[in-house]
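Participant: Take a look at this one; I'll ask things after.
In this note's numbering, the protein residues as written are 4 to 263.
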């Protein structure tokens, strides 16, 4: 695993994934896109993990893609397709994670950094955070995965403004527009940890299943995804966790869920 991404399992239930290139404001290389997607896929399958926080080192979330490597990794149209596929795979891995995912955003969150933040379920920003997608200043067109995530968060008109102008938005503006979902009164990482703690005791099968149901509703694909929805509902109903939840409720104690 590259040291450009650090995975902190000090709390096995709440894992912190840190982009660790502070000297480059955590700009994402092609290798990091690939590695980050793999990390989230692995954490999604880990029964011990109850929530994942994604953050950046050195007071920055991410400056986005590392443009300095573009002459080497995006020299041709074909190279560009390969690069975009890696970024898309990463964002899909984050978005499809079965655990709650929280971006803790301090400092700059630009371009591809916005993309991975929007792939998370929640985005906690502190007062130092600021956001921009400067595609129009690079003559770059964002693909479906990134643009859909932006559209889902802010709506059509605001998405157009963000992409057409490339302007910066401070934390207060980001919260109002939907780029951020929570404002941290102090450091973003602490705010994200507080949010994760409130979810880490929840039933994993409920979270996994609810994410599938909500995604189907958001995409207007409830009929196409009915089989998958029925499966997660049946899985939860037949689980030991369901029996534990009922027993804990009757005994007036906190449930102890295991994800089975």
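C-beta atoms are modelled at their ideal positions from N, C-alpha and C, and glycine is treated no differently.
Computed from a predicted model, the values in this text were never measured in an experiment.
Could you give the C-beta distance for residue 83 and residue 115, rounded to a whole number, given that I count them as a contact under 8 Å?
Facilitator: Actually they do not touch by this definition, with Cβ atoms about 14 Å apart.
Participant: Between residue 128 and residue 177, which are expected to be in contact by the criterion C-beta below 8 Å, what is the C-beta distance as a whole number of angstroms?
Facilitator: Confirmed, about 6 Å.
Participant: Between residue 29 and residue 66, which are expected to be in contact by the criterion C-beta below 8 Å, what is the C-beta distance as a whole number of angstroms?
Facilitator: Between the beta-carbon of residue 29 and that of residue 66 there is about 6 Å, and that keeps the pair under the 8 Å contact cut.
Participant: Determine the extent of the alpha helix (DSSP H) in which residue 234 is found, giving its start and end residues.
Facilitator: 229–240
Participant: Could you give the residue range of the beta strand (DSSP E) that holds residue 145?
Facilitator: Careful: residue 145 lies outside any beta strand (DSSP E) and carries neither H nor E.
Participant: Indicate the three-state DSSP secondary structure (helix, strand or coil) for residue 4 in the structure shown.
Facilitator: Only weak support is given to the placement of residue 4: the predicted model assigns it a pLDDT of 47, under 50, and the value that follows is read from those uncertain coordinates. Note: residue 4 maps to coil in three-state DSSP.
Participant: Verify whether the separation of the beta carbon atoms of residue 47 and residue 100 is less than 8 Å.
Facilitator: yes
Participant: Ends of the beta strand (DSSP E) at residue 107?
Facilitator: 104–108
Participant: Buried or exposed: residue 207, going by 16 or more other Cβ atoms within 10 Å of its Cβ?
Facilitator: buried
Participant: Please go through the region 45–101 and give each complete beta strand (DSSP E) segment of 3 or more residues, from N-terminal end onward.
Facilitator: For the region 45–101, whole beta strand (DSSP E) runs of length 3 or above, ordered along the chain, are 54–59.
Participant: Does the Cβ of residue 259 have 16 or more other Cβ atoms within 10 Å, making it buried, or fewer, making it exposed?
Facilitator: exposed
Participant: Between the C-alpha atoms of residue 106 and residue 261, what's the straight-line distance to the nearest angstrom?
Facilitator: 25 Å
Participant: Taking C-alpha atoms, which residue in 219, 211, 253 and 251 lies nearest to residue 238?
Facilitator: 211
Participant: Going by the CB atoms, is the gap between residue 19 and residue 56 shorter than 8 Å?
Facilitator: Note that the C-beta distance between residue 56 and residue 19 is below 8 Å.
Participant: Taking 8 Å as the cut-off, does the region 194–207 touch the region 11–18 (at least 3 CB pairs, one atom from each stretch)?
Facilitator: yes
Participant: Going by C-alpha to C-alpha distance, which of 218, 202 and 78 sits closest to residue 231?
Facilitator: 218
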